[in-house]
Amino acid sequence: MSEIRKNVTVITGTGGIGLAVARSLALNTHLVLADYSPTQLDAAAQVLRDEGHTVTTHATDVSDWKSVQSLAETAAQVDGPIATIVHTAGLSPVQAPPARIYEVDLLGTAHVIDAFLPVVGAGATLTVIASMVGHYVVGKLSPEFEEHLATAPVSSLLSHPHLDSSGFDRSDPAKAQTMAAGAYCTSKRGNILRVQAAARAWGLKGARINSVSPGIINTPMSRMEAERGAGGHIQKLVDESPMRRKGTASDIAGMVAFLASPAASFLTGSDYLVDGGSVAVHRWGSA
722 MSEIRKNVTV
732 ITGTGGIGLA
742 VARSLALNTH
752 LVLADYSPTQ
762 LDAAAQVLRD
772 EGHTVTTHAT
782 DVSDWKSVQS
792 LAETAAQVDG
802 PIATIVHTAG
812 LSPVQAPPAR
822 IYEVDLLGTA
832 HVIDAFLPVV
842 GAGATLTVIA
852 SMVGHYVVGK
862 LSPEFEEHLA
872 TAPVSSLLSH
882 PHLDSSGFDR
892 SDPAKAQTMA
902 AGAYCTSKRG
912 NILRVQAAAR
922 AWGLKGARIN
932 SVSPGIINTP
942 MSRMEAERGA
952 GGHIQKLVDE
962 SPMRRKGTAS
972 DIAGMVAFLA
982 SPAASFLTGS
992 DYLVDGGSVA
1002 VHRWGSA
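Residue numbering for the sequence shown follows the working numbering, starting at 722 and increasing by one per position.
Now the structure itself:
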C-alpha cells in the first residue's frame, strides 16, 4: 500500500505566533518550518515532533531571495501539494536597526509572496503577519510611496529615498529608536499594501492571499520590547483598548486558521485586525 501524501503547511518564523500557528494547523499536514536561527528552528521542530506532528525544517533568511526560493522549492517537493503558507518571520524596532528591519520585514515579505506564487495551486492560501501599526500611518505616506511599496519589483523595492536609513546613529538613542520604529511602521504598511497588490496574481492560480495585523500580543518579542523601554507605552495601549488586555498568540492563530479554511473561500487581498480595538481607539479616541 502506498503511503498517503499529506498537504503541506509552510510557516516562516518559529517565535510565539509562529509556533501557535503551527499547532493550530498541524493536524493531518506536513509542516515545513523556516527560521533564521537554526537553534530556535530545531527547538520548535522538536516540540512539534514530540507532539506527533510531521515536520521538515529549512533554515531561511527571508531577506535573501535565493534562500526563500530554496524554501519554496523544498516545500513543493516534501510531500503533497502546498495548502497553506503563513509568514510570521520579522523583526521589531528593539531587535535591529532600520536597514535590517526593511530587509526582513518589508523585502522579506515581498520575497515570500513572489517565491511561493509559482509553486502553489488552486485552493492554496498565504497569510502574512503584518501589524496594527501599519494602520497608524494610513494617510501619512504619499500615494507615490504607497504604490512603490505595493508594486515595486523586489530588486528595487528598497531603493526608494524614503527608505534611506543612512542617518541612523546608535549614539543618539532617542533618534535611533524613532527611526527604527518608523522603519517598522513603514514595513508593516508595506506588507498590507503588498498583499492587496498580489491578490490578482494569486487569484489567477486559484489561490488566496491575506494579511493579519496583530495588536499588543503577549509573546517573547513584545516582552523584549517592554524590557527595553517600551513597557509604559505598551501598557498605555492595553489600558486604552476596548478589551483592556494583551492578546495571545492563540488569538492570532485562530484568525490565521480561519483564513486558511474553506469558510474564508471568498476572502482575499484584505487585512484583518486582531488588536482588541486599539486601532479603533487610535482613530476615534478613548472617550
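The beta-carbon is built from N, C-alpha and C at its ideal position, and this holds for glycine as well. Here the structure is a predicted model, which means the values were calculated and not measured.
Residues of the same chain with a CB within less than 7 Å of the CB of residue 774, apart from the 5 flanking positions on each side, are 747, 752 in chain order. Using a Cβ distance threshold of 8 Å, residue 828 and residue 862 do not count as a contacting pair. In this structure residue 892 is exposed. Its beta-carbon is surrounded by fewer than 16 other beta-carbon atoms within 10 angstroms. Looking at the DSSP output, residue 803 bridges to 729.
For the pair residue 790 and residue 960, the Cα-to-Cα distance works out to about 42 Å. Uninterrupted alpha helix (DSSP H) stretches at least 4 residues long and entirely within the stretch 770-843 occur at 786-798, 819-822, 829-837, given in chain order.
Along the stretch 860-948, the alpha helix (DSSP H) occurs as fully enclosed runs of 4 or more residues at 864-872, 894-925, 941-946, listed in sequence order. Three or more beta-carbon pairs drawn from the stretch 834-847 and the stretch 914-931 are found closer than 8 Å, and the two stretches are therefore classed as touching.
Residue pairing from DSSP leaves residue 855 without any beta-bridge partner. By the neighbour-count criterion, in which a residue is buried when 16 or more other Cβ atoms sit within 10 angstroms of its Cβ, residue 806 is buried. The three-state secondary structure of residue 760, taken from DSSP, is helix. With 16 or more neighbouring CB atoms inside 10 Å of its own CB, residue 900 falls in the buried class.
Around residue 835, the same chain offers 875 as residues with beta carbons nearer than 7 Å, after the five sequence neighbours per side are excluded. Taking C-alpha positions only, residue 740 is separated from residue 939 by approximately 13 Å. In the three-state DSSP reduction, residue 992 falls in the strand class (E or B).
Just measuring C-alpha positions, the residue of 768, 925, 906, 962 sitting nearest residue 860 is 906. Distance from the Cα of residue 857 is smallest, within the candidate group 797, 973, 909, for 909.
Leaving aside the five residues that flank residue 981 on each side, the residues in its chain whose CB is nearer than 7 Å to its CB run, in chain order, 746, 805, 846, 848.
Counting the other Cβ atoms within 10 Å of the Cβ of residue 852 gives 16 or more, which makes it buried. DSSP places residue 766 in the helix class (H, G or I) of the three-state scheme. Here the alpha carbons of residue 758 and residue 750 stand approximately 23 Å from one another. With a cutoff of 8 Å on beta-carbon distance, residue 922 and residue 792 are scored as not near each other. In the three-state reduction of the DSSP assignment, residue 747 falls in the coil class, being assigned neither a helical nor a strand state. With 16 or more other Cβ atoms from the protein chains shown falling within 10 Å of its own Cβ, residue 869 counts as buried.
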